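*Asks:* My structure is below; once you've seen it, I'll send some questions.
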Amino acid sequence: MKIQNSIIIAFTLILVVVVSLSRTLVHLLTEVWWFNAVDFADVFWTRLSWQIFLWVATFFIYCLFLWGNYWIAEKLTSDRSYSFLRGTELAPYSNIFTKAIVIVNILLISLSAAATTSPGWETFLKFLNAVDFDIQDPIYQSDVGFYLFRLPLYEGIKDWLFTLFIGGLIIALVVYALKGKFTNQRRWQNFLTGSIKTHISLLVAGITILVAVGFWLERYELLFDSNGVVFGAGYTDVHAKLLAYWVMAIMALLLAVVCVLSVWKNNILLPTYGVVIYIVIFGLFNVLYPGFQQKFIVNPNELQKEKPYIANNIKFTREAYGLDGVETKSFPAKSELDSQTLEKNQATVRNIRLWDYRPLLSTYRQLQEIRLYYRFNDVDVDRYTIDENYRQVMLSPREMVYSQVPRKAQTWVNKHLKYTHGYGLVMNPVNEVKPDGLPVLFIKDIPPVSQVNLQVEEPAIYYGEKTDTHIFTGMSTEEFDYPRSGENAFTFYSGTGGVAINSLWRKLAYAYDLSSINILISGYFTDNSKIHYYRNIKERVEQVAPFLRFDNDPYIALIDGKMQWILDAYTVSDRYPYSEPLYLSNNARAILNRGNIERIARGNVNYIRNSVKVMVDAYNGTMKFFVVDENDPVLNTYRKIFPQLFTEKSEIPANVKAHFRYPLDLFKIQAQMYLSYHMSEPQLFYNQEDLWRFPTEIYEENKQLMEPYYLIMRLPEQKGEEFVLILPFTPVNKDNMIAWMSAQSDGENYGKLLLYEFPKQKLVYGPSQIEARIDQNPQISQQLTLWSQKGSKVIRGDLLVIPIEESLMYVEPIYLRAEQGELPELKRVIVAYDKEVVMAETLNQSLAAIFGGEVEKPEIQVTEKTSETENISDLINTIVEIYGQAEAARRQDNWVEYGKSKQEFERLLQQLKN
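For the sequence shown, the numbering used here begins at 1299 and goes up steadily by one.
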């Protein structure tokens, strides 16, 4: 009966292993088909072949070495039998039982080591294809590439061998112990003798040699020490710990020699004394000496001793985050804006963003989702040339979210064959508002209707941010295309995406891999059928390039009538010497918790570059990995590993490059590091005298950190307008603005970082101070309070700091939303300049109230007007103009002209009322 139970258990275990392996093999087969379909088979085979090679090599080397030590131990104790089962019923089977246990443990250790080593394919390939940085560290004069590409492999091999020798030692000691070779009858110094002592001594010698190698490599780890005054090697590290590591490495080698010499001795006194001496020296050199130097030499003179190492930290941190190229300029923040200056900067004024993406997303969802199974996931910001005008727009694709289909309709056929794709997009200019407070839509509805010279020629979205189910196309039944009155429109997919599933063999493989019997028995399949999976664009690109990290905000672009997703990809490392990791920077938690930055910076990242842009076709799912930074050694290493993956920078189409923008997440990370690392002088950095922080603003009555924002503007000293990303800075303990940083996105200027610093002797209002001034304005505060008491919720949008020539202007949109509703309407625009704070129905009215005159209207008008509304519009424009004249007269203390303008203003208001 016991034998039968054992057979059943063994058979069950074998069956489990076979099923597990079969599922893995089938999944690998479907992966091969998928990579072939997306034209990246070379990438897949490069990764897989190296993973298999490392797995197999590790498994067999571990098995041979561990079995070899077991065999030697058995040979040396062949005169003895295992006695630990003596006196039990299993005593006759003790040898077989022990061998089985040892073999199982050898296999488990080998399998574990192989599984741990296999993911190291990237480390091996980067070592073999390393590209130098041509930058040397200041301590060892090694190229930075050594730390990123070579040192990780050396440390990995050391750990791999150390585990191997420890495993061999444990196996040998277990055999010797179970065979009674260690008894209490011998004196401690003689409990190991003869060949057994030789075996153990040689294993210990190998371990001590690896300990010596570990200390030798540990010298380089001093460049990543986080316990000093700054990240990286400090005075104590260089003058005490470095010496200690050399001493410990040499002592470990001597201890290995002692272990080998003890082979010719009849006792273990020599290695025992060696270990004791080693421990004493370790305590003296590795603990006491560095502690003494830090306490009595460094601490009393810290700035003097640490100054060169602080300089190293500043230099290498700025290099690692791309901050060494920040161009610093002065910005006088003059109060010289007038209507003529605004007229000269119409491209900037015309593109001031009045629509905050959060209320706009709610508006999109209420007005344009059309059906409950559509969803706008996010609102993106981009720019287009519309009717020969460079315009900033906001847009969002309408994706299919199957989980929102009514439960009764959630069938296998509907999920995988019918509801296959989203449809179209919505686009609006950032600054135009209809009379009812809703956005003017350039592109809207289903099918997409365009009011401008942009057309959506292929509106179907098969690949997106919300698509997380696999689907089948080319079936005998039609796919749902889009809703229309009376009946729905249907279609058949005609794109190039998907993996052919046109044979019984393929259907069987996918049915097993996806655990779906319907794939086998459904009668809808044809010879043209395809399966689409990895349809979520982030998952899709990570499947091809898991060694890159991707921005959290993919954005849609309309290029030649087709919708294309653009994702920013980053090369990162945690091995850049002396560079401070993001998580150690001042108040880093505030930024790591916002926008999932932590996902990009995970693993102590201290080097980052946006070297790749990925474009994913929303209809076909095709992917192109464009090189945008040809000087990044990390990317160039990957380019050598995967030569077929990347498209050269020179081959990027101009209409695609026109939609590249400086990444928001990268800019946040760089700005976070620049809060401290704008200080380039070591003493100033040591004293932390000039720390900066992100400004705060109010959104929905809550104070929050200000987000960077995109703006079309003409930077000071630049000839024309361009698409830039902007973020102001304030001192750490004050609210006034001290500087603002911009990242350029257009043409040859792409990627340039500019910092504009304000005069230190001049007060420049920061965003939170402007928010306070808004709250202190009686008319504005009263109006906002009144609205809040009438069942409406006031939403204060992003406060934008708008640089115009050498002056600053602040703009904040005000939205109203019913307490129970989800349709925010833009009702007012607040403009602050110098000492003026004005709130009016439109941006033009607010600008006219402060600067006088009539600011030019947007050149693109898409709303239709009747003759009556045109007359009212003309009257309103006249009122605004007169009001501006009155305000201008008041500022000039021309009270006569002010009185005349005021009387005319009141007369026109009465006319409007009637």
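The C-beta atom is built at its ideal place from N, Cα and C for all residues, glycine as well.
Remember, it's a predicted structure, so these values are computed and weren't measured experimentally.
(1) Where does the unbroken beta strand (DSSP E) through residue 2090 begin, and where does it stop?
(2) Along the chain, where does the beta strand (DSSP E) containing residue 1788 start, and where does it finish?
(3) Which residue wins for smallest C-alpha separation from residue 1901, given the options 1816, 1872, 1907, 2069?
(4) To the nearest angstrom, report how far apart residue 2129 and residue 2136 are at their CA atoms.
(5) Measuring alpha carbon to alpha carbon, tell me which residue in 1499, 1588, 1578, 1581 is nearest residue 1536.
(6) Starting from the C-beta of residue 1769, find all residues in its chain whose C-beta is less than 6 Å away, skip the five residues before and the five after it, and write them out in chain order.
(7) Terminal residues of the continuous beta strand (DSSP E) containing residue 2009?
(8) Measure the CB-CB distance between residue 1824 and residue 1772 and report whether it falls below 8 Å.
(9) Could you tell me the distance, in whole angstroms, from the CA atom of residue 1903 to the CA atom of residue 1952?
(10) Tell me where the beta strand (DSSP E) around residue 1909 begins and ends.
(11) Going by CA-CA distance only, name the one from 1796, 2075, 1721, 1924 that's closest to residue 1782.
(12) So which of 2084, 1971, 2004 has the shortest CA-CA distance to residue 2065?
(13) Rounded to the nearest angstrom, how far is the Cβ of residue 1466 from that of residue 1367, given a contact under 8 Å?
(14) Look up residue 1431 in the DSSP assignment and say whether it is helix, strand or coil.
(15) When DSSP labels each residue in this structure, what does residue 1975 get in the three-state scheme?
(16) Checking 8 Å against the spacing of the C-beta atoms, do residue 1761 and residue 1838 come in under that value?
(17) Could you spell out where the beta strand (DSSP E) holding residue 1628 opens and where it closes?
(18) Cα separation between residue 2032 and residue 1616?
(19) Does the separation of the CB atoms of residue 1408 and residue 1361 fall below 8 Å?
(20) Using the Cα positions of residue 2009 and residue 1912, report the straight-line distance between them to the nearest angstrom.
(21) Where do the N-terminal and C-terminal ends of the alpha helix (DSSP H) with residue 1923 fall, by residue?
(22) Give me whichever residues DSSP pairs with residue 2105 in a beta bridge.
(23) If the criterion is Cβ atoms closer than 8 Å, does the pair residue 1696 and residue 1730 meet it?
(24) Hey, quick one: how far does the beta strand (DSSP E) through residue 2130 stretch, first residue to last?
(25) Which residues bound the beta strand (DSSP E) around residue 1687?
(26) Check whether the Cβ atoms of residue 2141 and residue 1661 sit closer than 8 Å, and answer yes or no.
(27) Taking 8 Å as the cut-off, does the segment 1638 to 1649 touch the segment 1983 to 2002 (at least 3 CB pairs, one atom from each stretch)?
(28) Hey, which unbroken runs of the alpha helix (DSSP H) at 4 residues or more fall wholly within the segment 1738 to 1825?
(29) Give a yes or no on contact between the segment 1878 to 1891 and the segment 1849 to 1865, applying the rule of three or more CB pairs nearer than 8 Å.
(30) Is it true that the CB of residue 1511 sits closer than 8 Å to the CB of residue 1456?
(31) Can you tell me whether residue 1443 is helix, strand or coil according to DSSP?
(32) Use the C-beta contact count for residue 2177: other C-beta atoms within 10 angstroms, 16 or more gives buried, fewer gives exposed.
(33) Just list the residues that DSSP pairs residue 1672 with in beta bridges.
(34) Could you tell me which residues DSSP pairs with residue 1591 in its beta bridges?
(35) Counting C-beta neighbours from all protein chains within 10 Å, is the total for residue 2163 16 or more, i.e. buried, or is it exposed?
(36) What are the boundary residues of the alpha helix (DSSP H) that includes residue 1950?
*Replies:* To lay it out plainly:
(1) On the sequence shown, position 792 is the one that residue 2090 refers to. Where residue 2090 is concerned, the enclosing beta strand (DSSP E) stretches over 2090 to 2094.
(2) Translated into positions along the sequence shown, residue 1788 becomes position 490. Residues 1787 to 1789.
(3) One-based indexing of the sequence shown puts residue 1901 at position 603. Each of 1816, 1872, 1907, 2069 was checked against the Cα of residue 1901, and the nearest Cα belongs to 1872.
(4) The residue labelled residue 2129 in the question sits at position 831 within the sequence shown. The residue labelled residue 2136 in the question sits at position 838 within the sequence shown. Those two C-alpha atoms are separated by around 5 Å.
(5) Along the sequence shown, read from residue 1 onward, the residue named residue 1536 stands at position 238. For the residues 1499, 1588, 1578, 1581, the minimum Cα distance to residue 1536 belongs to 1588.
(6) As a working note, residue 1769 is residue 471 in the sequence shown. Excluding sequence neighbours, residue 1769 sits near 1714, 1718, 1830.
(7) Taking the first residue of the sequence shown as 1, we reach residue 2009 at position 711. Note, residue 2009: beta strand (DSSP E), 2007 to 2011.
(8) Taking the sequence shown and counting its residues from 1, the one referred to as residue 1824 is at position 526. Taking the sequence shown and counting its residues from 1, the one referred to as residue 1772 is at position 474. Result yes, Cβ atoms of residue 1824 and residue 1772 sit closer than 8 Å.
(9) Counting from one through the sequence shown, the residue named residue 1903 turns up at place 605. Counting from one through the sequence shown, the residue named residue 1952 turns up at place 654. Between residue 1903 and residue 1952, the alpha-carbon positions lie close to 33 Å from each other.
(10) To locate residue 1909, count along the sequence shown from 1; it is residue 611. From DSSP, the beta strand (DSSP E) with residue 1909 extends over 1905 to 1915.
(11) Locating residue 1782 in the sequence shown gives position 484, counting from the first residue. Checked all of 1796, 2075, 1721, 1924; the closest Cα to residue 1782 is 1721.
(12) Counting from 1 along the sequence shown, the entry for residue 2065 is found at position 767. The shortest CA-to-CA distance from residue 2065 to any of 2084, 1971, 2004 is the one to 2004.
(13) Taking the sequence shown and counting its residues from 1, one reaches residue 1466 at position 168. Taking the sequence shown and counting its residues from 1, one reaches residue 1367 at position 69. A Cβ-Cβ separation of about 4 Å places residue 1466 in contact with residue 1367 under the 8 Å criterion.
(14) Start at 1 with the first residue of the sequence shown, and residue 1431 comes out as number 133. Residue state, collapsed to three classes: coil.
(15) Reading the sequence shown from its first residue, position 677 is the one you call residue 1975. When DSSP states are grouped into helix, strand and coil, residue 1975 belongs to the helix group.
(16) On the sequence shown, position 463 is the one that residue 1761 refers to. On the sequence shown, position 540 is the one that residue 1838 refers to. Cβ distance < 8 Å, so residue 1761 and residue 1838 count as in contact.
(17) Start at 1 with the first residue of the sequence shown, and residue 1628 comes out as number 330. Looking at the DSSP string, the run of the beta strand (DSSP E) that includes residue 1628 is 1625 to 1628.
(18) What you label residue 2032 is simply residue 734 of the sequence shown in a count that begins at 1. What you label residue 1616 is simply residue 318 of the sequence shown in a count that begins at 1. Pairing residue 2032 with residue 1616, the inter-Cα distance amounts to about 25 Å.
(19) The residue labelled residue 1408 in the question sits at position 110 within the sequence shown. The residue labelled residue 1361 in the question sits at position 63 within the sequence shown. Yes, these two residues count as a Cβ contact at 8 Å.
(20) One-based indexing of the sequence shown puts residue 2009 at position 711. One-based indexing of the sequence shown puts residue 1912 at position 614. Spanning the two alpha carbons is a distance of roughly 23 Å.
(21) The residue given as residue 1923 occupies position 625 in the sequence shown. Where residue 1923 is concerned, there is no enclosing alpha helix (DSSP H), although the beta strand (DSSP E) it sits in stretches over 1921 to 1925.
(22) Locating residue 2105 in the sequence shown gives position 807, counting from the first residue. For residue 2105, which the question treats as bridged, DSSP gives the partners 1632, 2102.
(23) Sequence index remark: in the sequence shown, residue 1696 carries index 398 (1-based). Sequence index remark: in the sequence shown, residue 1730 carries index 432 (1-based). No. Outside cutoff.
(24) Here residue 2130 refers to the residue found at position 832 when the sequence shown is read from its first residue. For residue 2130, the enclosing beta strand (DSSP E) starts and ends at 2123 to 2131.
(25) Stepping through the sequence shown from its first residue, residue 1687 is reached at position 389. Per DSSP, residue 1687 belongs to the beta strand (DSSP E) from 1687 to 1698.
(26) In the sequence shown, residue 2141 corresponds to position 843, counting from 1. In the sequence shown, residue 1661 corresponds to position 363, counting from 1. For residue 2141 and residue 1661, no; Cβs fall outside 8 Å.
(27) Verdict: no, contact absent.
(28) If we require 4 residues or more, the alpha helix (DSSP H) runs fully inside the segment 1738 to 1825 come out as 1802 to 1811, 1816 to 1819.
(29) Counting C-beta pairs closer than 8 Å gives fewer than three between the segment 1878 to 1891 and the segment 1849 to 1865, which falls short of the contact rule.
(30) Mapped onto the sequence shown, residue 1456 falls at position 158. Mapped onto the sequence shown, residue 1511 falls at position 213. For residue 1456 and residue 1511, yes; Cβs fall inside 8 Å.
(31) For the purposes of this step, residue 1443 is taken as the residue at position 145 of the sequence shown. DSSP places residue 1443 in the helix class (H, G or I) of the three-state scheme.
(32) One-based indexing of the sequence shown puts residue 2177 at position 879. Counting C-beta atoms within 10 angstroms of its own C-beta, residue 2177 has 16 or more neighbours from the protein chains shown and is therefore classed as buried.
(33) The residue given as residue 1672 occupies position 374 in the sequence shown. Within the DSSP bridge table, the entry for residue 1672 names 1698 as partners.
(34) Walking along the sequence shown from the start, residue 1591 turns up at place 293. DSSP lists no partner for residue 1591.
(35) What you label residue 2163 is simply residue 865 of the sequence shown in a count that begins at 1. With a pLDDT of only 39 at residue 2163, under the threshold of 50, the placement of this residue in the model should not be trusted, and no figure is reported.
(36) Taking the sequence shown and counting its residues from 1, the one referred to as residue 1950 is at position 652. Unbroken run through residue 1950: none, as it is neither H nor E.
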